[in-house]
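J.: Sharing a structure with you now.
There are 4 protein chains.
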Amino acid sequence: RLLLPDAARAGLPLARPATAHKYSVGTLLAVAGSRQYGGAATLVALGARSGGPGMLYLALPESLADRVAARLPEAIVHPCPQAENGALADLPGVDLEKFDAVVCGPGLGKAEQALVLRLAREAAGALVLDADGLNLIAGQLEVLAQRAAPTVLTPHPGEFKRLFPDIALADRQGAARTAALRSHAWIVLKGARTVVASPSGQVWVNPGGSPALARGGSGDVLAGLLGALLAQCENPEPAVLGAVWWHAAAGEWLAARHTVLGVDAETLALGLLPFLAADGP
Amino acid sequence: RLLLPDAARAGLPLARPATAHKYSVGTLLAVAGSRQYGGAATLVALGARSGGPGMLYLALPESLADRVAARLPEAIVHPCPQAENGALADLPGVDLEKFDAVVCGPGLGKAEQALVLRLAREAAGALVLDADGLNLIAGQLEVLAQRAAPTVLTPHPGEFKRLFPDIALADRQGAARTAALRSHAWIVLKGARTVVASPSGQVWVNPGGSPALARGGSGDVLAGLLGALLAQCENPEPAVLGAVWWHAAAGEWLAARHTVLGVDAETLALGLLPFLAADGP
Amino acid sequence: RLLLPDAARAGLPLARPATAHKYSVGTLLAVAGSRQYGGAATLVALGARSGGPGMLYLALPESLADRVAARLPEAIVHPCPQAENGALADLPGVDLEKFDAVVCGPGLGKAEQALVLRLAREAAGALVLDADGLNLIAGQLEVLAQRAAPTVLTPHPGEFKRLFPDIALADRQGAARTAALRSHAWIVLKGARTVVASPSGQVWVNPGGSPALARGGSGDVLAGLLGALLAQCENPEPAVLGAVWWHAAAGEWLAARHTVLGVDAETLALGLLPFLAADGP
Amino acid sequence: RLLLPDAARAGLPLARPATAHKYSVGTLLAVAGSRQYGGAATLVALGARSGGPGMLYLALPESLADRVAARLPEAIVHPCPQAENGALADLPGVDLEKFDAVVCGPGLGKAEQALVLRLAREAAGALVLDADGLNLIAGQLEVLAQRAAPTVLTPHPGEFKRLFPDIALADRQGAARTAALRSHAWIVLKGARTVVASPSGQVWVNPGGSPALARGGSGDVLAGLLGALLAQCENPEPAVLGAVWWHAAAGEWLAARHTVLGVDAETLALGLLPFLAADGP
């Protein structure tokens with residue numbers, strides 16, 4: 198059981214060769230939002246942008262496309278068909294082979310399970326499932342074992358119980374490890390001391406964080422950030438540990454500057470880079 | 198008769214345990230806006246966000262939903278039916294049991310009285326009535342006596358006269374106290390020296406504030422802030438006194454930085470947290 | 198012939214009594230914009246907001262209403278009928294008696310002359326005509342002689358020639374004075390050294406300003422600012438001189454901070470208050 | 198072969214006479230965007246604004262017009278017909294004689310080649326072709342030889358190969374020079390060390406820049422900035438060299454402040470002027 202911060206921090210900001218071009222430093226797709234939960238799409242995109250991917254694509258229900266595109270002009274937005282219930286219905290014209298990472302889940306609402314299963318099966322790059330993306334994969338975790346690229350699941354305790362109803366949460370580290378081994382996925386078990394477990398059974402605990410992050414949308418920002426770092430890293434370990442540390446440490450830093458009441462999710466997303474730059478080196 | 202600042206300031210920022218999660222630190226609903234007065238919905242939401250609730254919900258006439266959602270991605274927006282006259286007509290699918298506090302009124306325009314009466318009867322948590330919400334409850338104040346949770350009314354002198362036409366305003370402190378005792382509600386009587394009276398008859402005066410706050414929309418920001426603090430506090434006293442002090446003191450602080458002409462309501466809402474952080478722990 | 202800065206600066210920021218309320222410190226209406234020239238409506242509104250009016254109303258062609266309302270939540274927006282050609286067609290439901298000042302013109306495009314004539318006849322408070330508002334009043338200046346409240350015309354040289362084709366501009370001060378005496382209006386003749394002339398024949402020259410203000414939209418910001426100060430002042434002289442000085446001096450100050458290329462109209466509007474605050478007291 | 202920075206930097210910010218007015222310091226048109234690639238229109242416009250043109254016009258597919266107009270109120274937006282495929286179909290009512298410079302290309306998508314050919318033939322001022330604008334002119338470069346005003350082509354290596362399939366890129370400087378001589382255009386060959394070649398065969402290399410600029414949209418910002426400087430300069434040399442240096446040097450400066458992950462295209466566009474101002478004199 199390892200404490201997370203030092204190693205995680207050491208890898209950030211990700212190094213980038215002088216000859217980098219936009220297609221060589223991470224192509225990321227975020228699949229998020231629904232008519233009911235539109236803000237989640239903006240937050241995951243802002244979190245993703247902060248992680249510095251070369252190219253950022255967003256697949257959104259058509260009713261959200263203009264709003265999010267107005268906010269993030271550097272993103273390429275795919276407006277997608279929207280079901281009667283306001284959820285994303287399909288991803289026509291989205292080539293899942295081309296992305297170094299895909300993030301799916303924030304604000305998806307009552308989307309069909311088939312959407313998430315297709316991503317799990319066809320996304321050639323790393324896959325982050327969060328929020329409703331976790332609820333939709335529940336009961337179908339065996340599909341993850343087939344994936345060649347890394348998968349990351351980011352449950353809070355309630356979502357963890359829906360995913361792994363038979364794993365007791367009394368021992369959070371043990372629970373995360375068991376879940377990771379069983380699902381062949383990285384587990385980011387969120388909470389006051391976030392636990393990370395790798396598919397090979399390593400476990401880390403992040404001692405940092407702040408109750409200022411107890412706000413709707415904080416997790417959406419983390420999901421986007423995870424995707425951005427995974428899209429740029431061959432090895433998932435520094436990406437997962439780096440994103441978890443960065444998000445929590447930025448929350449602490451922002452709480453010290455804006456008070457514990459002042460770290461809404463948008464402030465958090467916009468504060469990730471100022472924190473990292475201020476934190477050196 | 199007590200001066201308000203020291204005790205009010207002492208409670209801010211609200212303390213938050215390390216184990217807080219987003220559902221444990223205040224779930225707030227704001228009901229605001231109309232086609233004619235759309236900006237009020239944004240302002241009450243910005244004021245609410247600054248108060249740090251774990252979850253922020255907004256029930257808005259459908260014509261406003263996209264605009265406000267674009268501005269506050271961390272909020273969950275319920276687009277609601279809109280009457281011919283542009284007012285919010287109903288709150289379908291909104292479960293009034295689940296909110297720790299509800300704010301109702303800014304920009305509502307010519308909504309039906311039934312809307313406000315339903316909130317007064319069914320909202321399980323604290324209720325803040327402001328602006329048109331006050332006009333709509335006028336003549337029906339007896340419904341407030343049935344409420345188990347606290348009610349806060351925030352009239353300026355004109356609204357006070359419509360609510361309590363027989364209570365003379367020459368003695369502002371006495372008037373607020375009489376109104377509070379009669380209505381079983383907290384009264385925040387706004388003006389150059391805002392008076393707060395509790396339902397049990399205690400009275401406070403806030404000596405601070407600034408004429409820079411004499412701008413349309415200042416009150417909308419206060420209503421949102423009141424709701425946010427009430428949603429997080431068991432006891433309404435620190436929430437009401439804290440919000441009144443914070444709003445006025447931020448106005449003074451901002452006027453010193455932006456001149457007396459420079460504290461429009463949006464600047465005020467966005468300045469609440471920088472003020473509190475600068476004002477020390 | 199007087200140099201403008203010292204006296205103009207002395208009146209700013211406008212003093213405001215501690216007992217001010219939002220209806221006692223200026224109610225302003227801006228009438229601006231068309232489908233073709235929508236940004237002008239935003240710029241006049243931002244300029245107006247910076248001047249600190251208690252209440253800000255905007256009458257806009259309906260296609261602009263949502264966009265501008267999203268940008269200025271503290272404004273009350275009247276969406277108005279729009280003609281085939283994209284211009285504002287009428288002002289239904291707008292009570293021209295209640296405004297302390299009205300600004301009309303930026304971006305109006307090919308509106309009907311009747312619109313401007315109605316404002317000149319019915320607006321009970323001060324009236325600022327700018328841009329297309331000037332073009333529409335050309336040939337009908339005699340209507341201004343009937344007005345009880347002050348009128349301000351803000352032509353650049355091209356607009357001046359359309360308004361006063363027989364007044365030579367070689368002597369800018371003399372031209373402005375002749376125009377002011379004839380039209381019974383304040384004349385703000387814009388250019389590198391803006392000239393102000395009062396209806397009683399006084400003339401001022403503003404030696405300040407910056408070529409950084411040679412940008413589309415600079416004048417829209419000035420029109421809004423003029424309206425905001427006129428709405429708050431009994432006497433038009435400090436309002437007109439104050440706005441002209443403030444706008445130009447802010448342009449100089451911003452050019453020193455953002456370079457001569459960096460003072461687009463939005464940056465100018467948002468820099469008015471930081472300049473005034475920095476210029477102290 | 199010349200190193201670019203010193204001379205390029207010396208010309209910035211462009212000098213502007215005290216008597217400048219908005220029509221004397223550059224009238225620029227940007228033609229950009231499609232339903233699929235809407236953000237590119239915003240980014241080219243933000244880049245253009247930062248260059249300080251007196252007047253900024255934008256010709257956009259109608260579905261983008263409101264969004265971009267909301268973001269840049271100082272721009273005059275022409276909503277243009279949009280083809281079935283979401284591309285800009287035509288430029289009705291746009292007088293190509295009046296612009297000192299035209300930028301065409303970012304985000305155009307699958308527009309018709311006729312659009313770009315018309316611009317090449319009819320634009321009286323300087324013409325910048327970028328991104329899809331380059332793809333559309335491929336195979337028709339002979340039209341550029343007829344132009345009286347300067348043309349600037351801004352390919353990255355992939356676009357260069359489509360434009361000049363027979364010119365080997367192993368020697369970047371030689372390739373740019375050959376392409377410039379053949380096409381009678383300025384060539385800005387982008388990459389880690391951007392190469393500029395003039396139609397008369399001079400070649401410059403920019404040793405600066407940062408891998409932080411390896412982000413989607415960086416090039417759109419450069420295209421807008423190029424157009425803005427060309428619109429203000431009689432001589433294209435300082436405009437082209439100035440824009441290339443400014444964009445790259447701002448990227449380095451921003452990477453030092455926001456980390457190598459923190460220079461998304463919007464941050465870049467908004468950082469151009471703060472960089473230039475900080476860099477003195």
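The listed protein sequences derive, respectively, from chains A, B, C and D. FYI, in this note's numbering the residues of the first sequence are 198 to 478. FYI, in this note's numbering the residues of the second sequence are 198 to 478. FYI, in this note's numbering the residues of the third sequence are 198 to 478. FYI, in this note's numbering the residues of the fourth sequence are 198 to 478. Glycine included, C-beta positions come from ideal geometry on N, C-alpha and C.
Applying the 10 Å Cβ sphere with the 16-neighbour rule, what's the burial state of Glu339(D)?
T.: Glu339(D) should be labelled exposed.
J.: Would you call Glu356(C) buried or exposed, if buried means 16 or more other Cβ atoms sit within 10 Å of its Cβ?
T.: Glu356(C) comes out buried.
J.: Quick check on His455(D) - is its C-beta less than 8 Å from some C-beta in chain A?
T.: His455(D) counts as touching chain A.
J.: Below 8 Å on the Cβ atoms is my contact criterion, and I expect Ala447(D) with Leu469(D) to pass it. Report the Cβ-Cβ distance as a whole number of Å.
T.: 5 Å between Cβ atoms; contact.
J.: Quick one, which of Asp476(A), Arg264(A), Gly248(A) has its alpha-carbon nearest Val300(A)'s?
T.: Comparing Cα-Cα distances from Val300(A) to each of Asp476(A), Arg264(A), Gly248(A), the minimum goes to Gly248(A).
J.: What are the residues of the segment 222 to 249 of chain A that lie near chain B, defined by any Cβ-Cβ distance shorter than 7 Å?
T.: Going along the segment 222 to 249 of chain A in chain order, one finds Tyr234, Gly235, Gly236, Thr239, Leu240 with a Cβ nearer than 7 Å to chain B.
J.: When you compare the segment 291 to 311 of chain B with the segment 221 to 229 of chain B, are there three or more beta-carbon pairs, one atom per stretch, that lie closer than 8 Å?
T.: At 8 Å Cβ cutoff, the stretches touch.
J.: Is it true that the segment 230 to 246 of chain A meets the segment 414 to 434 of chain A, where meeting means three or more beta-carbon pairs spaced less than 8 Å apart?
T.: Touching, yes.
J.: Under 8 Å between C-beta atoms, does His218(B) make it to chain A?
T.: Interface residue, yes.
J.: Jot down the residue ranges of each uninterrupted beta strand (DSSP E) in the segment 392 to 448 of chain A, minimum 3 residues, whole runs only, in chain order.
T.: If we require 3 residues or more, the beta strand (DSSP E) runs fully inside the segment 392 to 448 of chain A come out as 392 to 394, 400 to 402.
J.: Could you give the first and the last residue of the continuous beta strand (DSSP E) run that contains Ala227(C)?
T.: Start and end: 224 to 228.
J.: Which residue comes first and which comes last in the alpha helix (DSSP H) that contains Ile273(A)?
T.: Careful: Ile273(A) lies outside any alpha helix (DSSP H), inside the beta strand (DSSP E) at 273 to 277.
J.: Shorter than 8 Å from the beta carbon of Gly251(B) to some beta carbon of chain A?
T.: So, interface residue.
J.: If you run the structure through DSSP and keep just helix, strand and coil, what is Ile384(A)?
T.: In this structure, Ile384(A) counts as strand in the three-state DSSP scheme.
J.: Might you give, ordered along the chain, the residues of its own chain that have their beta carbon closer than 7 Å to the beta carbon of Ile364(C), omitting 5 neighbours on each side?
T.: Closer than 7 Å at Cβ, skipping near neighbours: Ala372, Thr375, Ala376.
J.: Please report how far the alpha carbon of Ala215(A) lies from the alpha carbon of Ala389(D), in whole angstroms.
T.: Taking the straight line joining both Cα atoms gives about 7 Å.
J.: In chain A, which residues lie less than 9 Å from Ala475(D) when you measure between Cβ atoms?
T.: Ordered by position in chain A, no residue passes the 9 Å Cβ test against Ala475(D), which lies about 16 Å from the chain.
J.: Does any residue of chain D have a CB that is nearer than 8 Å to the CB of Glu463(A)?
T.: No, Glu463(A) does not count as interfacial toward chain D.
J.: What residues from the segment 260 to 274 of chain B come within 8 Å of chain A, judged by C-beta to C-beta, listed N to C?
T.: Residues Asp263, Ala266, Ala267, Leu269, Pro270, Glu271, Ala272, Ile273, Val274.
J.: With distances taken from CA atoms, which of Arg454(C), Ser407(C), Arg213(C) is nearest His218(D)?
T.: For the residues Arg454(C), Ser407(C), Arg213(C), the minimum Cα distance to His218(D) belongs to Ser407(C).
J.: Just to confirm, are Val349(C) and Val325(C) a CB contact at a threshold of 8 Å?
T.: Contact flag set, yes.
J.: Give a yes or no on whether the minimum CB-CB distance between Leu288(D) and chain C is below 8 Å.
T.: By this cut-off, Leu288(D) is not an interface position.
J.: Ordered along the chain, which non-local residues of its own chain (more than five positions away) have a Cβ less than 6 Å from that of Ala266(C)?
T.: Hits under 6 Å: Val274.
J.: From Cys402(A) to Ala394(A), what distance separates their C-alpha atoms?
T.: For clarity, residue 402(A) is Val in the given sequence; the question names Cys instead. Each residue's alpha carbon lies about 9 Å from the other.
J.: Would Ala411(D) pass as a contact of Gly322(A) if the rule is Cβ separation under 8 Å?
T.: Not closer than 8 Å, so no.
J.: Applying a beta-carbon distance threshold of less than 8 Å, which residues of chain B neighbour Pro214(C)?
T.: Within chain B, the residues near Pro214(C) are Pro408.
J.: With a floor of 3 residues, list each beta strand (DSSP E) that falls wholly inside the segment 257 to 338 of chain A, ordered by position along the chain.
T.: Complete beta strand (DSSP E) runs here, min 3: 273 to 277, 298 to 301, 323 to 326.
J.: Return the bridge partner residues of Tyr254(C) from the DSSP annotation.
T.: Leu226(C), Ile273(C).
J.: Quick one: does Leu341(A) have its CB under 8 Å from some CB of chain B?
T.: Judged by the 8 Å Cβ criterion, Leu341(A) is not in contact with chain B.
J.: Quick check on Lys387(D): buried or exposed, where buried means 16 or more other Cβ atoms within 10 Å of its Cβ?
T.: Buried, because 16 or more other Cβ atoms sit within 10 Å of the Cβ of Lys387(D).
J.: Going by other Cβ atoms of all chains shown within 10 Å of its Cβ, with 16 needed for buried, is Asn332(C) buried or exposed?
T.: Burial call: buried.
J.: Do the CB positions of Ala474(B) and Gly405(A) come within less than 8 Å of each other?
T.: Taking 8 Å as the Cβ cut-off, Ala474(B) and Gly405(A) do not qualify as a contacting pair.
J.: Should Arg213(C) go down as buried or exposed, given a rule of 16 or more other Cβ atoms within 10 Å for buried?
T.: Burial call: buried.
J.: Using the Cα positions of Val392(B) and Leu360(B), report the straight-line distance between them to the nearest angstrom.
T.: Looking at the two C-alpha atoms, the distance is approximately 16 Å.
J.: If you run the structure through DSSP and keep just helix, strand and coil, what is Glu350(B)?
T.: Checking the sequence, you will find Leu at residue 350(B) rather than Glu. Strand.
J.: So, is the C-beta of Leu386(D) closer than 8 Å to a C-beta in chain F?
T.: No chain F is present in this structure, whose protein chains are A, B, C and D.
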